[in-house]
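To start, the structure under review is shown below, and the notes come after it.
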Amino acid sequence: MKGGRGFRKEMIMWWCMLLLSLLGTDNKWVRGQFDSNGFISIDCGLSENDSYIDEHTKLSYISDAQFIDTGLNHYISKEYTPSLSRQYLTVRSFNSGARNCYSLKSLVLGSKYLIRATFLYGNYDGLNQFAMFDLYIGVNFWKTVNISDAVTPIIAEVITVAPADYVQVCLANTGGGNPFISSLDLRPLKDTLYLLANSTQSLSLVKRLNAGPTDTTIIRYPDDRHDRMWEPWSNEPYWSELTTTSDVSHILTDQFEAPSAVLQTAATRVNSSVLQFDWAPGPLDNSRSYWWALHFCETQLLGKNQSRWFNITVNGLMWYAEPYSPSYLLADEIYGKYGLQLPYYNVSLVATGNSTLPPLLNAFELFIVLPVANVPTDSGDVSAINAIKEKYQIKKNWVGDPCAPATYIWDGLNCSYSSSPRITALNLASNGLMGDFLSLFSELKALQSLNLSDNNLTGSIPDALSQLTSLTLLDLTGNKLNGTIPDGLLRKSQAGKLTLRVGDNPNLCSNSTACTPNEQKKDNGSIRVIAIIVPVIVVVLLVALVLLLCMLKNKKGTGGEQYSDFSKAGLKDDLFQPENRQFAYTELAAITNEFTRIIGKGGFGTFYHGTLEDGTQVAVKVQSESSSQGTRDFVGEEEEEEEEEEDDDDDDDDDDYYYYYYYY
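Written as structure tokens, this is what we have:
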């Protein structure tokens, strides 16, 4: 949810945009991607804040700047501009990166869309060198774009189901020249249209033809409310045209909704009872399946003695099971249930023996069936890696899907492909990453290896990384991290399940007791009391001696000799002499060899074995962080009053460390 200030700013901009629209002002800074029809119409290469209304369709076209962050804008050569629509006057070209992608966002997962891309070279680079490159819809191959001249536009169209709440259109450099694009359109379709397009396959348009037109105009929006482009199709002198000015009706279950303007014209064969057409797949498409739909509408009101019946065959075999007769001014279609893969296609409409009129055809659509063979990367991984890219402003050609297809996997990533691709390794070593080490990386749930060495990451290591069950390598060498390493990571490292590299992070602690004094002061604002107690063996003997004396006293009763203190027990007065001494942390670390040997644990802390400068063996007790007891309980009753005084002094100097020891 946006903050209050940002929200108010957006509301002000929205009202300004609305006001400009009502006033008819040409708004050059509109950032919204959808128009009132739910269309996205993009003029590629247009200046970032520019937009315009197309003079033919009256659709609003906007710049492609908000849909892609790679490529360069160009104008085509002036010699070609006078006769071209405005969408063809600019292009965006891509002279770097194996793949560059447009992202069309805020779509509806599982909904159906028509996507159209156009390409016109126009010698935009002044080199007069044509190009050939591949086009992808998401992670699946769409078609090869082959530019063979400067002025003929190439139109690519696909009907597809959105696999997420966005769709990406990618141009892949295959070595045939720099890819470029002139325009990109997206149109929402009802789910009931083109049923063969579903979650498992898309339909790539080969041709959409309007048979028997009276002129050469391409029919599209607003005549076709879905903005499909119907090209004029005639075959004079072999075909004749039939037309009507009456509106054509559609049944409620119409799966195509061909526009009335298209169905008002039809073609018939001159002096023949057969209307036929054929095609052969190109060398790049001969292994694919083709699917087509024939559109019919009777444009003439037939007399009582007139009839129009015909059979539909493919390569001489019946394709439609029975003779067909189109209905007057009612849209109808004949189409296959699945695609066909043949070396050659001949579609014929053959009049039956009792028909008085030749066959007619109003329109024809031909598609290549595109299997959705590649599955996109797990959506959670995609969200996480894109957030990482945005946060750290990673300067790699990270575009399109991170893992799929495998040919275009992002630099620095490894992925698994058992089902939906998952990111298993991320190497961003020496990439200039700056800022806090955020828990974004822990959202890559399948991560096995994470290398962030030699960057400028600050802050503490996120504890959430401990929850990555597959993580076996974590390299954080050479950053500016501080705080302590999470216990979960330390445990995995100690158990041999994780290779953990954290060297060259001066302010990073392996655990709470390994931090430097300054860091401890910053972290929790308190000092820990560290005590060095008499040699362990002597302590044990003294305790045993006291217990023995107590037992003897109890046995003798009140009549026996009493020992009220150590001197009465025969011990010298100077045998037990308490004394204070201050140690720096580095001295304590040296005495205990970095606190490596634990010799016992008490209620208030842990005992470590150590050796003083003179070779005396000592026990170092480190007060537990979780202990709520004061220094009094920590060092013993004998020094209670003296310790209270020392604690008062501690308040004045947080950098001192105190210990207590006894000579025996």
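Heads up, the sequence shown is in my numbering, so the first residue is 2 and it goes up one at a time. All C-beta atoms, glycine included, are put in the ideal place defined by N, C-alpha and C.
| Item | Value |
| --- | --- |
| Looking only at its chain, what residues have a beta carbon closer than 6 Å to the beta carbon of aspartate 36, apart from the 5 residues adjacent to it on each side? | Ser61 |
| Note the first and the last residue of the continuous beta strand (DSSP E) segment covering valine 162. | 155–162 |
| Three or more C-beta pairs under 8 Å: does that hold for the stretch 144–157 against the stretch 127–136? | yes |
| Tell me whether aspartate 1 sits in a helix, a strand or coil according to DSSP, three-state version. | Missing from the structure shown is residue 1; the chain here goes from 2 to 665 and no further. |
| Give the DSSP-derived three-state secondary structure of isoleucine 389 in the structure shown. | helix |
| How long is the line joining the alpha carbons of phenylalanine 257 and serine 247, rounded to whole angstroms? | 20 Å |
| Would the stretch 75–87 count as touching the stretch 196–205 if we require 3 or more Cβ pairs under 8 Å? | no |
| Is it buried or exposed, glutamate 580, if we count other Cβ atoms within 10 angstroms and call 16 or more buried? | Only weak support exists for where glutamate 580 lies, its pLDDT of 44 falling under 50; the coordinates are left without a value. |
| Taking the alpha helix (DSSP H) that leucine 490 belongs to, which residues open and close that run? | 488–495 |
| So, with DSSP's three-state summary, where would you put glycine 436? | strand |
| With DSSP as the reference, label glutamine 88 as helix, strand or coil. | helix |
| Would you give the residue range spanned by the beta strand (DSSP E) that valine 109 belongs to? | First-last for valine 109: undefined, no H or E at that position. |
| Identify the residues that DSSP records as bridge partners of glutamine 684: which are they? | The displayed coordinates of the chain run from 2 to 665. Any statement about residue 684 would go beyond what the structure contains. |
| For valine 503, does the three-state DSSP call read helix, strand or coil? | coil |
| Quick one: is leucine 445 buried, meaning 16 or more other Cβ sit within 10 Å of its Cβ, or exposed? | buried |
| From isoleucine 155 to phenylalanine 120, what does the alpha carbon distance come to, in whole angstroms? | 5 Å |
| Would you kindly work out how many angstroms separate the C-alpha atoms of threonine 82 and serine 235, rounded to a whole number? | 28 Å |
| Just verifying my parser: in three-state terms, what is the DSSP assignment at leucine 60? | coil |
| Could you work out which residue in Ser94, Glu56, Asp55, Glu49 is closest to threonine 71 when comparing CA atoms only? | Ser94 |
| Please classify leucine 509 as buried or exposed, where buried requires at least 16 other C-beta atoms within 10 Å of its C-beta. | buried |
| List the residues that DSSP assigns as beta-bridge partners of proline 372. | Gln202 |
| Could you tell me how far apart the beta carbons of glutamine 468 and serine 494 are, in whole angstroms, since I believe they sit closer than 8 Å? | Actually they are not in contact, since the Cβ atoms of glutamine 468 and serine 494 sit about 15 Å apart, beyond 8 Å. |
| Ordered along the chain, which non-local residues of its own chain (more than five positions away) have a Cβ less than 6 Å from that of proline 422? | Thr378, Cys404, Ala405, Cys416 |
| Does the beta carbon of leucine 371 come closer than 8 Å to any beta carbon on chain B? | The structure shown contains no chain B; it holds only a single protein chain. |
| Tell me whether the stretch 386–397 and the stretch 352–363 touch, counting them as touching only if at least three CB pairs, one residue from each stretch, are closer than 8 Å. | no |
| Would you list the residues sitting across from tryptophan 231 in a DSSP beta bridge? | Ile220 |
| Residues in its own chain within less than 8 Å of asparagine 316 by CB, not counting five upstream and five downstream? | Leu343, Tyr345, Tyr346, Asn347 |
| Would you say aspartate 668 and serine 431 are within 8 Å of each other, going by their C-beta atoms? | The chain is shown only over 2 to 665; residue 668 falls outside these bounds and no answer can be derived. |
| Taking the beta strand (DSSP E) that valine 315 belongs to, which residues open and close that run? | 311–315 |
| Determine, using beta-carbon pairs with one atom in the stretch 186–203 and one in the stretch 155–166, whether at least three such pairs fall under 8 Å. | yes |
| Please check the pair valine 370 and tryptophan 292, which I expect to be a contact at CB under 8 Å, by giving their CB distance rounded to whole angstroms. | 5 Å |
| Is serine 381 helix, strand or coil by DSSP? | Before going further, note that residue 381 is glycine rather than serine in the sequence given. Glycine 381: helix per DSSP, three-state reduction. |
| Where are the beta strand (DSSP E) runs, 3 residues long or more, that stay fully inside the stretch 320–345, in chain order? | 333–336 |
| Excluding the 5 residues flanking glycine 177 on each side, which residues of the same chain have their C-beta closer than 7 Å to its C-beta? | Ala132, Met133, Phe134 |
| Using 8 Å for Cβ pairs, my map puts leucine 439 next to leucine 453. What's the rounded Cβ distance? | So it is not a contact: roughly 11 Å between Cβ atoms. |
| Report back the beta-carbon spacing between glycine 460 and aspartate 437 to the nearest angstrom; my notes put them in contact at under 8 Å. | 4 Å |
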